[in-house]
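Trainee:
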Amino acid sequence: MVDEQIILSAQQVNLWFGSKQILKNIDISFAKNSVTALIGPSGCGKSTLLRSFNRMHDLSPDARVEGQFLLDKQNLYAKDMSVTQLRRRVGMVFQKANPFPKSIYENINYGLKINGVPKSERDAIIEGALKESYIWDEVKDELNKPATRLSGGQQQRLCIARTVALRPEVILMDEPCSALDPLSTLKIEELIIKLKKDYTIIIVTHNMQQAQRVADKTVFMYMGEIIESGNTHDIFNNPNKELTNNYVKGKFG
Amino acid sequence: MNLAAREYVDKTVKQLIRITGLIVILILTGIFLMLLYNTFAFFRHIKPLDFITGTQWNPSGKIARYGILPLLVSTCLVTLGAMAIAIPLGIGTAAYISEYAGKRQKNILKPAIEMLAAIPSVAIGFLGIVFVGPFIAGATGLPNGLNALNGAILLSVMALPTIITVAEDALRGVPHTYKEASYGVGATKWETLLKVTIPAAAPGIIAAVMLGVGRAIGETMTVLMATGNAQAFPQGFLQSVRTITATIAIETGEVPYQTTHYFALFAIASVLFLITLLVNVIGEHFVNKFRKYHSA
Numbered sequence: 502m503v504d505e506q507i508i509l510s511a512q513q514v515n516l517w518f519g520s521k522q523i524l525k526n527i528d529i530s531f532a533k534n535s536v537t538a539l540i541g542p543s544g545c546g547k548s549t550l551l552r553s554f555n556r557m558h559d560l561s562p563d564a565r566v567e568g569q570f571l572l573d574k575q576n577l578y579a580k581d582m583s584v585t586q587l588r589r590r591v592g593m594v595f596q597k598a599n600p601f602p603k604s605i606y607e608n609i610n611y612g613l614k615i616n617g618v619p620k621s622e623r624d625a626i627i628e629g630a631l632k633e634s635y636i637w638d639e640v641k642d643e644l645n646k647p648a649t650r651l652s653g654g655q656q657q658r659l660c661i662a663r664t665v666a667l668r669p670e671v672i673l674m675d676e677p678c679s680a681l682d683p684l685s686t687l688k689i690e691e692l693i694i695k696l697k698k699d700y701t702i703i704i705v706t707h708n709m710q711q712a713q714r715v716a717d718k719t720v721f722m723y724m725g726e727i728i729e730s731g732n733t734h735d736i737f738n739n740p741n742k743e744l745t746n747n748y749v750k751g752k753f754g
Numbered sequence: 002m003n004l005a006a007r008e009y010v011d012k013t014v015k016q017l018i019r020i021t022g023l024i025v026i027l028i029l030t031g032i033f034l035m036l037l038y039n040t041f042a043f044f045r046h047i048k049p050l051d052f053i054t055g056t057q058w059n060p061s062g063k064i065a066r067y068g069i070l071p072l073l074v075s076t077c078l079v080t081l082g083a084m085a086i087a088i089p090l091g092i093g094t095a096a097y098i099s100e101y102a103g104k105r106q107k108n109i110l111k112p113a114i115e116m117l118a119a120i121p122s123v124a125i126g127f128l129g130i131v132f133v134g135p136f137i138a139g140a141t142g143l144p145n146g147l148n149a150l151n152g153a154i155l156l157s158v159m160a161l162p163t164i165i166t167v168a169e170d171a172l173r174g175v176p177h178t179y180k181e182a183s184y185g186v187g188a189t190k191w192e193t194l195l196k197v198t199i200p201a202a203a204p205g206i207i208a209a210v211m212l213g214v215g216r217a218i219g220e221t222m223t224v225l226m227a228t229g230n231a232q233a234f235p236q237g238f239l240q241s242v243r244t245i246t247a248t249i250a251i252e253t254g255e256v257p258y259q260t261t262h263y264f265a266l267f268a269i270a271s272v273l274f275l276i277t278l279l280v281n282v283i284g285e286h287f288v289n290k291f292r293k294y295h296s297a
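In order, the protein sequences belong to chains E and D. For the first sequence, this note's numbering gives the first residue as 502, with consecutive numbering after it. For the second sequence, this note's numbering gives the first residue as 2, with consecutive numbering after it.
#1: Residue ranges of each beta strand (DSSP E) run of no fewer than 3 residues wholly in the segment 580-624 of chain E, ordered along the chain?
#2: Check whether the Cβ of E:M502 lies closer than 9 angstroms to any Cβ atom in chain D.
#3: When you check each C-beta in the segment 597-623 of chain E against every C-beta of chain D, which residues fall closer than 7 angstroms?
#4: State the beta-bridge partners of E:M720 as determined by DSSP.
#5: Excluding the 5 residues flanking E:I728 on each side, which residues of the same chain have their C-beta closer than 6 angstroms to its C-beta?
#6: What's the gap between the Cα of E:I507 and the Cα of E:S548?
#7: Should E:I702 and E:T719 be called a contact, given that it needs their Cβ atoms to be closer than 9 angstroms?
#8: Mind checking whether D:A124 and D:A171 have CB atoms under 9 angstroms apart?
#9: Based on Cα-Cα distance, which residue from E:T686, E:C678, E:I672 lies nearest to E:D699?
#10: Compare the C-beta of E:T585 with all C-beta atoms of chain D and state if any pair is closer than 9 angstroms.
#11: For the pair the segment 638-655 of chain E and the segment 525-539 of chain E, tell me if three or more CB-CB distances fall below 8 angstroms.
#12: Name the residue from E:I693, E:E690, E:T706, E:R663 whose alpha carbon lies nearest to the alpha carbon of D:V186.
#13: Got a sec: is the Cβ-Cβ distance from E:M674 to anything in chain D below 9 angstroms?
#14: 9 angstroms is my cut-off, CB to CB: does D:G62 come that close to chain E?
#15: Assuming E:V591 and E:N555 are in contact, meaning their beta carbons sit under 8 angstroms apart, how far apart are those beta carbons, in whole angstroms?
#16: So which residues on chain E does D:Y184 lean against when the C-beta distance must stay under 8 angstroms?
#17: What are the boundary residues of the alpha helix (DSSP H) that D:K180 is part of?
#18: For the putative contact between E:I636 and E:V536, defined by C-beta atoms under 8 angstroms, what is the C-beta separation to the nearest angstrom?
#19: Return helix, strand or coil for D:T244, following the three-state DSSP convention.
#20: Rounded to the nearest angstrom, what separates E:K620 and E:S543 at their Cα positions?
#21: Is there a C-beta anywhere in chain D that falls below 9 angstroms from the one on E:L539?
#22: How many whole angstroms separate the CB atoms of D:E252 and D:S122, which I take to be in contact at a CB cut-off of 8 angstroms?
#23: Under 8 angstroms between beta-carbons, which chain E residues line up against D:E8? List them in chain order, please.
#24: Is the segment 678-696 of chain E touching the segment 606-614 of chain E in the sense that three or more CB pairs, one from each, lie closer than 8 angstroms?
#25: If you compare alpha carbons, which of D:I249, D:A5, D:G213, D:Y38 is closest to D:L90?
#26: Given that a residue counts as buried once 16 or more other Cβ atoms are within 10 Å of its Cβ, and exposed if not, what is D:W58?
#27: To the nearest angstrom, how far is the alpha carbon of D:K15 from that of D:L23?
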C-alpha cells in the first residue's frame with residue numbers, strides 16, 4: 502500500500518433513525534481509484550452507511566447524523582456544502598435499476614441539464630457515458646426509446662451511464678446486481694472493474710463471490726459497527742476476527 | 002346446504018349480478034336514445050347549421066332563435082376560467098401535500114379539502130351572490146358582479162377537491178426510486194418535482210384535470226345563481242353569461258311539451274353530452290401516451 506490517496510473518509514460516525522441507533526463509531530476511509538465492498542448481514546447498516554456519503558438521509562426527517570465525513574478534505578455535512586453539488590461529485594447507483602420514465606437519451610441528458618452542462622456539449626458526453634458503461638452498441642440506434650423498455654441489466658448499465666456522465670469522483674453502488682440474472686451481473690462486474698481506472702467505487706453487496714471478484718478492499722459490518730476491514734483477499738481467506746470468519750464462510754447471515 | 006343447493010345459489014347470484022350490470026348499460030342507452038330522438042325531432046324544425054352558427058338564443062322572441070353559440074361560448078368561458086384558476090391551485094396543493102407538507106399539515110389539509118367537496122353547490126352559489134359578486138363589482142366598478150368571472154371563481158372552488166385528490170394520488174404513486182434517482186444526480190427538490198415527479202404522474206394529473214373540467218361543464222346550480230344569465234352574446238369575463246346547463250334548468254320548467262323549444266333543450270343537452278365525451282376521450286388519449294413510459 503504505497504502512496505494511496507484517500508479521497509473519502511468517515512470519522513467517529515454515529516447515525517440514528519428516531520431513537521434507534523443504526524451506525525456506531527464508524528471509522529473508514531476509501532483510497533482513490535479503488536473498489537471497496539461493504540458486506541454484512543441484512544440490517545447491519547451497510548446501505549445506511551453508503552447513503553450517508555451522498556447525504557441521501559437528508560430526505561428522511563427522523564435521521565440524525567453525527568461525526569465527520571470528508572470528501573477531499575471538505576466536510577460533507579458542513580453548512581456551506583451544497584448537497585446538490587455533493588451528489589454530483591458522489592454519484593449513486595441504486596439496488597433496483599431506476600431509469601426515469603423518459604427516453605434513454607433524456608435519462609442521461611437530465612442530469613447534465615440540471616447541472617448546467619451546455620447543450621452543445623451534451624450529445625458527446627451522453628455518447629461517451631453510454632460507451633463507458635458498455636451499453637452504447639445496444640442502444641445507439643434507439644436513443645429515443647423509453648428506457649423502461651430495456652432489460653433489467655441494460656437499465657442498470659444505463660443508470661451507471663447516467664451517473665458517470667456527471668464525472669463524479671466517487672460512485673456509490675447499493676447492491677446493483679441483486680435484481681439481475683448471472684449474465685447481466687457479470688457484465689456489471691466487468692464494468693465496475695473498468696470504471697475503477699477513473700472513479701472510486703464503494704459497493705454494497707450480499708454476494709460474497711461478487712465482493713471477491715470486484716473489490717480491492719472489503720469492509721465487514723455487523724450490527725451497525727465495522728468489525729473488520731482490509732484487503733479483500735485477507736478478509737475472505739485470513740480474517741482476524743472470528744465473527745468475520747463465520748460470516749464469510751457462510752455460517753450465519 | 003347440500004351441493005346442488007349451493008350450486009343453484011351460485012348460479013342465481015351470477016345472474017342477479019349480471020342483471021345489475023345490464024341495468025346500468027340499459028339506463029345509459031336509454032338516456033342516450035332519448036337525447037338523440039329529441040335532438041332529431043328538433044332538427045326537423047330547425048336547420049342544424051342555423052343551430053350551430055346562430056348567435057342568438059331567444060326561443061320566446063317574436064321570431065324564435067335557436068342559436069347555440071352564445072350558450073356554448075358562455076359554458077366554455079366559465080369552464081376555461083375555472084380551470085385557469087383551479088389547475089395551478091389544485092396541482093400546487095397536491096404537490097404540497099404529497100412532497101412538502103409534514104404529517105400535521107397533511108392531517109389538517111386532507112380533511113379540509115374533503116369538506117370543501119361536501120359543500121352543496123347551492124351554498125357556493127349563494128356565496129357567489131353575497132360575497133364574490135359584490136367583491137368583483139367593487140373591484141371593477143360594475144353595477145353588479147354576476148358574470149362569467151364570478152361563475153369561474155365558484156366553479157374553480159368546486160373543481161378543486163376533485164383535482165387535488167386525484168392529482169395527489171397520482172403524485173404519491175410515483176415510485177420513490179424515481180425521486181431518489183433525481184436527487185442522486187444532484188437535482189433539487191423543485192427540479193425533481195417539476196421534471197421527474199409531475200411528468201411521471203402526468204396520466205393521473207391529466208385525469209384529475211379532466212374530471213375537474215367535467216365537473217365544471219356539468220355544474221348547474223352555481224352558475225345559474227352567479228353568472229347573471231343574460232341572453233346576450235358573451236363578450237368577456239366581466240359580462241353576464243348564460244351557460245348550457247343554466248339554460249336547460251331555467252327553461253325546462255316553463256316550456257310546453259313537444260314544441261320546438263322543448264326539443265331544442267334536448268339538442269343543447271346533446272351538445273353538452275358530446276363535449277363531456279370529448280373531454281374524456283382527450284383525457285384517455287393522454288393517459289395512453291404517457292403510460293407507455295411506465296410499462297416495464
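We put the CB at the ideal spot given by N, CA and C, even for glycine. Since we're looking at a predicted model, the values are computed, not measured.
Mentor: On the basis of the coordinates in this document:
#1: 591-594
#2: Caution applies to E:M502, whose pLDDT of 48 falls short of 50 and renders its modelled position unreliable; the value that the coordinates give is listed next. Taking Cβ atoms only, chain D never reaches closer than 9 angstroms to E:M502, which makes this a no.
#3: K597, N599, F601, P602, K603, Y611, G612, I615, N616
#4: As written in the sequence, residue 720 of chain E is Val, which differs from the Met given in the question. For E:V720, which the question treats as bridged, DSSP gives the partners E:L539, E:S730.
#5: The beta carbon of E:I728 sits closer than 6 angstroms to those of F721, K742, L744, T745, all from its chain and outside the five residues before and after it, given in chain order.
#6: 21 angstroms
#7: no
#8: no
#9: Looking at the Cα atoms, E:I672 is the closest of the given residues.
#10: yes
#11: no
#12: E:R663
#13: no
#14: In terms of beta-carbon proximity, D:G62 stays away from the interface with chain E, with every pair separated by 9 angstroms or more.
#15: 4 angstroms
#16: M557, L560, R588, listed in chain order.
#17: First-last of the alpha helix (DSSP H) with D:K180: 177-185.
#18: Not really, about 20 angstroms apart at Cβ, beyond 8 angstroms.
#19: coil
#20: 43 angstroms
#21: Chain D contact via Cβ: absent.
#22: Actually they do not touch by this definition, with Cβ atoms about 19 angstroms apart.
#23: The premise fails here: D:E8 is roughly 45 angstroms from chain E at the closest Cβ pair, so nothing lies under 8 angstroms.
#24: The count of Cβ pairs closer than 8 angstroms, one atom from the segment 606-614 of chain E and one from the segment 678-696 of chain E, stays below three, leaving the stretches out of contact.
#25: D:G213
#26: So D:W58 counts as buried.
#27: Approximately 12 angstroms, taken between the alpha carbons.
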